[in-house]
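Q: Residue numbering for the sequence shown is 1 to 316, as defined by UniProt numbering.
Pasting a structure below so you can have a look.
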Amino acid sequence: MKASVIIPTYNRAKILTKCVAALMEQTFDDYEVIVVDDASTDDTVERMRRYPVRYVRLEKRSGPAHARNAGIEMAKGELIIFVDSDVIVAPEFVRDHVEIHEERGDIILQGMVYHVRELPKRLSFRYLIPNGICWHVFITQNASVKKRWLLEVGGFDEHLGAFMGYHDLDLGLRLQELGLPMVHTFRRCRAYHVDGPPVELDEFIRKSYERGKTAYVFVRRFGKRGERIAHTRKALIISHVLKTERWVEGRGIRRVVAEFACISPIYQLLKGIIRYHYRAKGILEAMHLWGGQNTLNLSAIRGKYESSSRSGSSWG
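This is how it looks when you write it as structure tokens:
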């Protein structure tokens, strides 16, 4: 079975180079590596010229869903393996994916990863224990499925928000609706996921807000199944109970976060509250855009939330 490894990327030339280098050292021969560059402005194109990969650069930045769909269209393999550009795989990685599909038939295969901030100088995969466990969901950092099934469900939904998440979760649920079982592997298909340094607060806020908007669309589409994954109710309730609209967007929160940056438990607590606040804000924004229609009666929570908001500061 021929495999196509698809890697979308945007301005990650350095870590992408390590990702591709690892994929060049596989113990399996019948595969190709497709790098879809989402209009990077760094030296990605120059670095990729060093490797025998199929490289395509998109004319304008369109998001990972579009990039992955472009890769699927190009792919010559029967099996599509998705890898993120900050994932470093074991030498047996491609072989493991192919063999499991040959053993199990028509499945969705979810591999696990070991998250690190920085890549160790010496990589060891033999005793690598995953710390990024994805239950019942399809996460494209390390996953595979046959191309025929991807084409049958129409690939990734490019209308589900261009950049902020849920594209792979959405695809996974649609694949499961075809009757494909989800198979997880812990001892095979091993890989490191290089998370890098924590993002700046402004970027963290932006991502939380945008993911909140996309989460609502996701839950609207899949109902209770989507809610079990996206937890939109949880975000709205926590934000409402803690009255976050009254204080999280104030000027003082940045000073408080900076002061407690060295005290991990407090810092993580504040970070979690900020995340829930902006996710809730994104959810409410999406609900307004969709006319308040939903499948989980979120409007009742929204009404309580907005009633409370009127006595405090506005969303801005």
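For every residue, glycine included, the Cβ atom is placed at its ideal position computed from N, Cα and C.
Bear in mind that the values here come from a model prediction, so they are computed numbers and not experimental data.
1) Whose C-beta lies closer than 7 Å to the C-beta of THR232 among residues of the same chain, with five residues either side of it excluded?
2) Please list the segments of the alpha helix (DSSP H) lying wholly inside the stretch 200-244, counting only runs of 4 or more residues, in order along the chain.
3) Does DSSP put GLY90 in a helix, in a strand, or in coil?
4) If distances are taken between C-alpha atoms only, which option among TYR166, VAL113, ARG126 comes closest to GLY212?
5) Quick one: what does DSSP say PRO8 is sitting in, helix, strand or coil?
6) Thinking C-alpha only, which one of LEU128, GLU259, ARG126, ARG50 is nearest LEU16?
7) Looking only at C-alpha atoms, which of PHE186, GLU152, VAL194 sits nearest to ARG174?
8) Confirm, please, whether the CB-CB distance from ILE81 to VAL36 is below 8 Å.
9) Which residue's Cα is closest to the Cα of LEU178: ASP43, ALA286, ARG148?
10) Roughly how many whole angstroms lie between the Cα atoms of MET112 and ALA286?
11) Pop quiz: SER85 and CYS189 are said to be a contact at Cβ under 8 Å. What is the actual Cβ separation, rounded to whole angstroms?
12) Would you identify the three-state DSSP class for LEU109, choosing helix, strand or coil?
13) Give me the residue from ASP106, GLY154, VAL89, GLU118 with the minimum Cα distance to ARG126.
14) If you draw a straight line from the C-alpha of LYS224 to the C-alpha of LEU123, how long is it?
15) Just reading off the beta strand (DSSP E) that LYS146 is part of, what are its end residues?
16) Among all the DSSP beta bridges, which residues are the ones paired with ALA191?
17) Candidates LEU150, LEU79, TYR278: which alpha carbon is nearest TRP247's?
18) Leaving out the 5 sequence neighbours to the left and right, which residues in its chain are closer than 6 Å to VAL257 when beta-carbon positions are compared?
19) Tell me which residue opens and which closes the alpha helix (DSSP H) that LEU79 is part of.
20) Are any of the Cβ atoms in chain C nearer than 8 Å to that of VAL20?
21) By a C-beta neighbour count over all protein chains shown, 10 Å radius and 16 as the cutoff for buried, is GLN268 buried or exposed?
22) Helix or strand or just coil, what does DSSP make of ALA70?
23) Do you know whose CA, among ILE34, VAL194, ILE238, THR9, lies nearest LEU119's CA?
24) Along the beta strand (DSSP E) that carries ASP37, what are the first and last residues, could you check?
25) Let me check understanding here. Comparing Cα to Cα, which of TRP290, HIS288, LEU242 lies closest to GLY272?
A: Per the coordinate set shown:
1) Position 232 of the sequence shown holds residue 232. Within the same chain, THR232 has close Cβ partners ALA215, TYR216, VAL219, ILE283, LEU298.
2) Annotation: the stretch 200-244 contains the following complete segments of the alpha helix (DSSP H) (minimum length 4 residues), in chain order: 201-230, 232-241.
3) In the sequence shown, residue 90 corresponds to position 90, counting from 1. The sequence given here places Ala at residue 90; Gly does not occur at that position. The answer is coil: DSSP assigns ALA90 none of H, G, I, E or B.
4) Within the sequence shown, numbered from 1, the residue matching residue 212 stands at position 212. Checking every option, the nearest Cα to that of GLY212 belongs to TYR166.
5) Working through the sequence shown from its first residue, we reach residue 8 at position 8. In this structure, PRO8 counts as strand in the three-state DSSP scheme.
6) Here residue 16 is taken as the residue at index 16 of the sequence shown, counted from 1. From the listed residues LEU128, GLU259, ARG126, ARG50, the smallest Cα separation to LEU16 is found for ARG50.
7) Looking up residue 174 in the sequence shown gives position 174. Residue GLU152 is the option with its Cα nearest to ARG174.
8) Translated into positions along the sequence shown, residue 36 becomes position 36. Translated into positions along the sequence shown, residue 81 becomes position 81. No. Outside cutoff.
9) Looking up residue 178 in the sequence shown gives position 178. Closest option to LEU178, Cα to Cα, is ARG148.
10) Here residue 112 corresponds to residue number 112 of the sequence shown, with the count starting at 1. Here residue 286 corresponds to residue number 286 of the sequence shown, with the count starting at 1. If you draw a straight line from the Cα of MET112 to the Cα of ALA286, it is about 32 Å long.
11) Position 85 of the sequence shown holds residue 85. Position 189 of the sequence shown holds residue 189. With 8 Å as the limit, SER85 and CYS189 do not qualify as a contact, their Cβ atoms being about 17 Å apart.
12) Within the sequence shown, residue 109 is the residue found at index 109, counting from 1. The answer is strand: DSSP assigns LEU109 an E or B state.
13) Taking the sequence shown and counting its residues from 1, the one referred to as residue 126 is at position 126. Check the Cα spacing between ARG126 and each of ASP106, GLY154, VAL89, GLU118: the tightest is with VAL89.
14) Here residue 224 refers to the residue found at position 224 when the sequence shown is read from its first residue. Here residue 123 refers to the residue found at position 123 when the sequence shown is read from its first residue. Cα atoms of LYS224 and LEU123: separation of roughly 41 Å, rounded to the nearest angstrom.
15) Reading the sequence shown from its first residue, position 146 is the one you call residue 146. Per DSSP, LYS146 is one residue of the beta strand (DSSP E) stretching across 142-146.
16) As a position in the sequence shown, residue 191 is number 191, starting the count at 1. Bridge partners of ALA191: VAL89.
17) Position 247 of the sequence shown, counted from the first residue, corresponds to residue 247. Closest by alpha carbon: TYR278.
18) Position 257 of the sequence shown, counted from the start, is the residue given in the question as residue 257. The beta carbon of VAL257 sits closer than 6 Å to those of LEU270, all from its chain and outside the five residues before and after it, given in chain order.
19) On the sequence shown, position 79 is the one that residue 79 refers to. Element bounds for LEU79: not the alpha helix (DSSP H) but the beta strand (DSSP E), 79-83.
20) Absence of chain C from the displayed structure is noted, only one protein chain being present.
21) Against the sequence shown, residue 268 aligns to sequence position 268. The residue is exposed, with fewer than 16 neighbouring Cβ atoms inside 10 Å.
22) Translated into positions along the sequence shown, residue 70 becomes position 70. Here ALA70 sits in helix by DSSP.
23) The residue given as residue 119 occupies position 119 in the sequence shown. Looking only at ILE34, VAL194, ILE238, THR9, the smallest Cα-Cα distance to LEU119 is reached by VAL194.
24) Looking up residue 37 in the sequence shown gives position 37. Its beta strand (DSSP E) spans residues 31-37.
25) Residue mapping note: residue 272 aligns to position 272 of the sequence shown, counting from 1. For the set TRP290, HIS288, LEU242, the Cα lying nearest the Cα of GLY272 is the one of LEU242.
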